[in-house]
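Numbering (our numbering), first residue to last: 79 to 425.
Using N, Cα and C, we set each Cβ at its ideal position, and we do this for glycine too.
For reference, the structure discussed in these notes is given below.
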Ligand code: DAH
């Protein structure tokens with residue numbers, strides 16, 4: 079029996095490497111393991127073997143069967159590979175390495191996000207996360223942005239239909255609507271509701287607005303939010319942190335300035351500009367980069383913090399805008415086109 083099995087295996091291994099078409103392969107396969115195949119015939123002899131020899135014999139046959147199947151698999155794979163090569167023609171050698179082989183490069187937005195988080199971690203900030211699908215409460219109400227505020231308008235905000243359900247996004251208020259967050263400031267509220275001060279978080283993430291896309295706007299872009307809550311926090315602390323961040327990111331010549339502004343959730347509020355003349359492709363002296371201010375006492379009350387005890391600052395800024403400054407990119411659409419000629423420049 080052992081000899082017969084070895085003979086079949088040897089014959090098969092010699093024959094299977096010579097096959098070139100699927101038809102030839104199927105015919106050969108049938109000759110070995112089909113109903114009338116040589117190997118099948120040997121297996122049928124098992125019935126005639128004395129009972130006490132059957133276990134040993136069965137083991138031999140099983141091993142041989144495994145080897146034969148492996149030979150068949152290799153043969154079929156070789157034929158399939160040859161078919162693909164034939165289809166592609168000789169112009170393409172599929173065995174050559176890809177010119178783009180390797181791990182790829184990191185997206186410029188990711189580079190700037192990681193760098194900002196690294197700079198802020200050095201100042202004691204921890205990275206916090208929040209959902210992109212939000213509710214009106216976290217995105218607007220808790221941030222003292224009343225229901226008649228233009229930012230809540232369907233012109234600016236993507237709302238979900240009433241029937242939409244997101245089991246993993248908790249609603250705070252019965253019947254409130256789901257939406258795509260328009261800013262990362264919602265993470266401030268989620269973070270404060272989860273814990274007690276002192277708090278020092280940075281939260282980068284994706285945000286959505288119903289902007290039409292042009293060179294400087296996109297309906298989907300990225301922000302970076304910071305919140306600091308502690309005792310005796312002042313505007314000076316806020317200004318010092320912003321100076322530190324931008325000097326670290328863009329060079330020590332970078333200055334920041336505040337312009338008075340209004341945000342419902344901070345008082346006083348400012349828009350932040352930074353001096354950027356020393357940066358590539360920037361012609362203006364001052365570039366607006368984000369908004370900030372001292373957390374409004376009403377926001378603290380809403381999350382159950384005593385505003386007589388706690389004070390804090392918050393700011394938010396656009397990551398695309400920052401990346402454009404860092405790398406001298408003049409059109410926001412490059413970030414989203416997945417053009418390798420653009421992406422490769424940030425290796
Ligand atoms: N959420 C604002 C925006 O998207 C930016 C902002 C302003 C964030 C003031 C803040 C802040 O944390 O205090 O335009």
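Using DSSP with H/G/I as helix, E/B as strand and the rest coil, what is residue i?
| i | result |
| --- | --- |
| residue 315 | helix |
| residue 173 | coil |
| residue 126 | helix |
| residue 212 | strand |
| residue 44 | Within the shown structure, residues of the chain are numbered from 79 to 425, placing residue 44 beyond reach of any answer. |
| residue 392 | strand |
| residue 95 | coil |
| residue 384 | coil |
| residue 371 | strand |
| residue 204 | strand |
| residue 308 | strand |
| residue 427 | Lying outside 79 to 425, the shown extent of the chain, residue 427 is not represented and no answer is given. |
| residue 231 | coil |
| residue 222 | coil |
| residue 112 | coil |
| residue 144 | helix |
| residue 167 | coil |
Could you tell me how far apart the beta carbons of residue i and residue j are, in whole angstroms, since I believe they sit closer than 8 Å?
| i | j | result |
| --- | --- | --- |
| residue 286 | residue 259 | 7 Å |
| residue 217 | residue 264 | 5 Å |
| residue 118 | residue 125 | No, residue 118 and residue 125 are not in contact; Cβ-Cβ is about 13 Å, not under 8 Å. |
| residue 339 | residue 348 | 6 Å |
| residue 99 | residue 170 | Not really, about 22 Å apart at Cβ, beyond 8 Å. |
| residue 334 | residue 320 | 5 Å |
| residue 190 | residue 401 | 4 Å |
| residue 96 | residue 421 | With a Cβ gap of about 47 Å, residue 96 and residue 421 do not count as contacting. |
| residue 235 | residue 284 | Contact flag wrong, Cβ pair sits at about 15 Å. |
| residue 94 | residue 106 | 6 Å |
| residue 354 | residue 305 | Actually they are not in contact, since the Cβ atoms of residue 354 and residue 305 sit about 25 Å apart, beyond 8 Å. |
| residue 142 | residue 83 | 4 Å |
- What are the uninterrupted segments assigned as beta strand (DSSP E) that are 3 or more residues long and contained completely in the stretch 233-304, given in chain order? Listed in chain order, they are 256-258, 277-286.
- Message: Using 8 Å as the cut-off, can you tell me whether the stretch 327-338 makes contact with the stretch 210-220, which would need three or more C-beta pairs spanning the two stretches below that distance?
- Response: The stretch 327-338, when compared against the stretch 210-220, does not touch it at the 8 Å Cβ threshold.
- Item | Complete beta strand (DSSP E) runs within the stretch 327-369 (minimum length 3 residues, chain order) | As far as the stretch 327-369 is concerned, its whole beta strand (DSSP E) runs of at least 3 residues are 334-341, 344-353.
- Query: Can you find at least 3 beta carbon pairs, one from the stretch 386-395 and one from the stretch 301-318, that sit closer than 8 Å?
  - Reply: Segments in contact, yes.
- Message: Restricting to runs no shorter than 4 residues, where is the alpha helix (DSSP H) found entirely within the stretch 398-424?
- Response: Qualifying alpha helix (DSSP H) stretches, in chain order: 418-421.
- Message: Whether or not the stretch 336-349 and the stretch 221-237 are in contact is what I'm after, with contact meaning three or more pairs of Cβ atoms, one per stretch, closer than 8 Å; do they touch?
- Response: They touch, by the three-pair rule.
- Query: At a cut of 8 Å, does the stretch 368-378 reach the stretch 293-300 through at least three beta carbon pairs?
  - Reply: Taking 8 Å as the limit for Cβ pairs, the verdict is that the stretch 293-300 does not touch the stretch 368-378.
- Query: At a cut of 8 Å, does the stretch 240-250 reach the stretch 285-292 through at least three beta carbon pairs?
  - Reply: Contact between the stretch 240-250 and the stretch 285-292 is not established, with fewer than three Cβ pairs separated by less than 8 Å.
- Is there contact between the stretch 395-403 and the stretch 361-375, where contact requires at least three CB pairs shorter than 8 Å? Per the Cβ contact rule, the stretch 395-403 is in contact with the stretch 361-375 (3 or more Cβ pairs under 8 Å).
- Task: Determine contact between the stretch 270-281 and the stretch 398-409, defined as no fewer than three beta-carbon pairs at a distance below 8 Å.
- Result: At 8 Å Cβ cutoff, the stretches do not touch.
- Message: Three Cβ pairs or more, each shorter than 8 Å: is that satisfied between the stretch 197-208 and the stretch 411-424?
- Response: Note that the stretch 197-208 does not touch the stretch 411-424; fewer than 3 beta-carbon pairs, one per stretch, sit closer than 8 Å.
- Query: Can we say the stretch 130-138 touches the stretch 84-93, given the rule of at least three CB pairs closer than 8 Å?
  - Reply: Touching, no, given that fewer than three Cβ pairs across the two stretches are closer than 8 Å.
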